[in-house]
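K.L.:
Supplied in structure tokens, the structure appears directly below.
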Amino acid sequence: MSYDVRWVRYDDTLHTAAFVKAASQEAEARGGLEVEFKRGAGVTRLLVKLPRSSLDVQPGESERAPDEGERWGEIHFSVIPSAQRGFEVLRHLPDERGYIALSRSGDDVLMLRDDGVVSRWDGVAVHDGPRVSEGFLDDIWSPEPGVAWVVGDETFHLGPSGWTRVETGAGVPLHRVSGRHARDVWAVGEGVVFHWDGAQWSRIPSPDFGVGYGLWVDAEGVWLTGSNVKLLRFEGSQMVPLEIPDGAGAEHSWYEAIFRSGGELWLAAEGECVRWNRGGATVLRTGVEGPSAFAGTSSDALVLVGTCTSAWWDGGSWSPVESLTEGYVDACVYSDGSILASNPDEGLTRLVPRGTHAVLSVSSGFSSNRNLWLSIAELAAAIARRLRMTVQT
């Protein structure tokens, strides 16, 4: 016999952190149920160890409760993007603490303030951390929870002992930092590129590219945009210039933001961007002046933020993001189903893909014992109530 129930919340994205918090609170309210959380492939699984007392035979049922021993049930949580394209504003979070750079860190977002404090957004609220430095800082990147880099006039590393200053040997301020994992980190300053291998920073040979504006690092390579050299890529042991196809934004002196997904490279300049893939390069009008950052789920679902305007790409054209069209948006990042954008003077704005919804589900799969399923379904219903979800019909 099969039993399936789904609870859904539409157009109001729930972060994984909110689900974990609600599930933990419900487990504690029930006398401290033993729970575990496992994540993968876009699904968070809540594993619940059910005490024998919760598995009594239901009235009218002839089936025996399970024998003594461990009995675990599962509840699944996921955020499902809609087939619709584009983004819409979920909510605005007024905050004048001046966040100038954002980085995803596990299920959270680390946020660098203009006063040197690193805060953390857990999907529900902002938690302030320590002031890393009183000097000028420009960017932050985190490969995993508990590990992060901050660059600027000086470079700082977050590890088991907290924040510590690290000497890079750059001799100039570093403006951008990114990487693949904790032992593969890249940083860019004016005319210099440095790489961290887990033990030390080393300078990477490169031509004089001037000011480094955009840095992108993924499993397939490292790309950089500069004021003297429009685009460079790491090849072999050095950064080498790449020629952008003729007619693809040749009139722009430099590109201020970069994004890559699905084999496509995006480069943003004043009011326009270049979309470059195997089919060639295309210039597209964005209307975004002073672009500062891209964020998105794929090449068909992007947000580009800038000094006075911001826009989203729906796979066919760029359109203004109305609530972000006034004021300077300094940074944005994709995390757990939504995009978080920061205006240093006005606060944070969360954008979600149109029609996004969160799903909490319970299914059969606990052998043939209905009592175990009923216990898990009842727990899932209580968690769903905490998250203001409704049963899908």
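For reference, each letter of the sequence shown is one residue, going -1 to 391 in the numbering used here.
C-beta: ideal position from N, C-alpha, C; glycine also.
1) Return helix, strand or coil for Trp371, following the three-state DSSP convention.
2) Measuring straight from C-alpha to C-alpha, what distance separates Glu165 and Pro289?
3) Tell me where the beta strand (DSSP E) around Ala267 begins and ends.
4) DSSP three-state call for Phe17: helix, strand or coil?
5) Three-state secondary structure (DSSP) at Leu229?
6) Return the first residue and the last residue of the beta strand (DSSP E) that Ile474 is part of.
7) So what's Gln23 in DSSP terms, helix, strand or just coil?
8) Mapping DSSP to helix, strand and coil, what is Gln56?
9) What number of angstroms, rounded off, separates the C-alpha of Ala63 from the C-alpha of His193?
10) Distance check for Asp137 and Pro128, CA to CA, integer angstroms please.
11) In the DSSP assignment, what residue or residues form a beta bridge with Asp195?
12) Starting from Tyr8 and walking both ways along the beta strand (DSSP E), at which residues does that stretch end?
13) Start and end of the beta strand (DSSP E) containing His125?
14) So the candidates are Glu34, Gly144, Glu132, Ser333; which of them puts its Cα closest to the Cα of Thr153?
15) Using only the alpha-carbon positions, how far apart do Gly150 and Ser296 sit?
16) Buried or exposed: which applies to Ala123, given that a residue is buried once 16 or more other Cβ atoms fall within 10 Å of its Cβ?
17) Could you give the distance in angstroms between the alpha-carbon of Gly167 and the alpha-carbon of Val190?
18) Can you name the residues that DSSP bridges to Val190?
19) Would you call His125 buried or exposed, if buried means 16 or more other Cβ atoms sit within 10 Å of its Cβ?
20) Please report the distance separating the alpha-carbon of Ser103 from that of Gly345.
21) Within 10 angstroms of the Cβ of Gly40, are there 16 or more other Cβ atoms? Answer buried if so, exposed if not.
22) For Val272, list the residues DSSP reports as bridge partners.
P.N.:
So, from the data block:
1) By 1-based counting over the sequence shown, the position of residue 371 is 373. Of the three classes helix, strand and coil, the one that applies to Trp371 here is helix, per DSSP.
2) For the purposes of this step, residue 165 is taken as the residue at position 167 of the sequence shown. For the purposes of this step, residue 289 is taken as the residue at position 291 of the sequence shown. Those two C-alpha atoms are separated by around 31 Å.
3) The residue labelled residue 267 in the question sits at position 269 within the sequence shown. Looking at the DSSP string, the run of the beta strand (DSSP E) that includes Ala267 is 262 to 267.
4) Taking the sequence shown and counting its residues from 1, the one referred to as residue 17 is at position 19. DSSP places Phe17 within a helical segment (H, G or I) once states are collapsed to three.
5) In the sequence shown, the residue the question calls residue 229 occupies position 231. Of the three classes helix, strand and coil, the one that applies to Leu229 here is coil, per DSSP.
6) Because the chain spans -1 through 391 in this model, residue 474 falls outside it and cannot be assessed.
7) To locate residue 23, count along the sequence shown from 1; it is residue 25. Three-state result, Gln23: helix.
8) Start at 1 with the first residue of the sequence shown, and residue 56 comes out as number 58. Because the pLDDT of Gln56 is 48, which lies under 50, any placement of that residue in the model is unreliable, and the number read from its coordinates should be weighed accordingly. Coil.
9) The sequence position of residue 63 within the sequence shown is 65, counting from 1. The sequence position of residue 193 within the sequence shown is 195, counting from 1. Per-residue confidence for Ala63 stands at a pLDDT of 46, beneath the threshold of 50, marking its modelled position as unreliable; no derived number is given.
10) Taking the sequence shown and counting its residues from 1, the one referred to as residue 128 is at position 130. Taking the sequence shown and counting its residues from 1, the one referred to as residue 137 is at position 139. So the alpha carbons of these two residues sit roughly 16 Å apart.
11) Here residue 195 is taken as the residue at index 197 of the sequence shown, counted from 1. Its beta-bridge partners do not exist; DSSP assigns none.
12) On the sequence shown, position 10 is the one that residue 8 refers to. Its beta strand (DSSP E) spans residues 2 to 8.
13) Position 127 of the sequence shown, counting from 1, holds the residue named residue 125. That run of the beta strand (DSSP E) goes 124 to 129.
14) Locating residue 153 in the sequence shown gives position 155, counting from the first residue. For Thr153, the nearest C-alpha among the options comes from Glu132.
15) In the sequence shown, residue 150 corresponds to position 152, counting from 1. In the sequence shown, residue 296 corresponds to position 298, counting from 1. Their backbone Cα atoms lie some 29 Å apart in a straight line.
16) Walking along the sequence shown from the start, residue 123 turns up at place 125. The residue in question, Ala123, is exposed, as its Cβ has fewer than 16 Cβ neighbours within 10 Å.
17) Here residue 167 refers to the residue found at position 169 when the sequence shown is read from its first residue. Here residue 190 refers to the residue found at position 192 when the sequence shown is read from its first residue. About 10 Å.
18) Indexing the sequence shown from 1 puts residue 190 at position 192. Gly187.
19) For this step, residue 125 is matched to residue 127 along the sequence shown. It is exposed - the Cβ of His125 has fewer than 16 other Cβ atoms within 10 Å.
20) Position 105 of the sequence shown holds residue 103. Position 347 of the sequence shown holds residue 345. The alpha-carbon atoms of Ser103 and Gly345 are separated by roughly 20 Å.
21) Mapped onto the sequence shown, residue 40 falls at position 42. With fewer than 16 Cβ atoms within 10 Å of its Cβ, Gly40 is classed as exposed.
22) Position 274 of the sequence shown holds residue 272. Note: Val272 sits in a beta bridge opposite Leu265, Val281.
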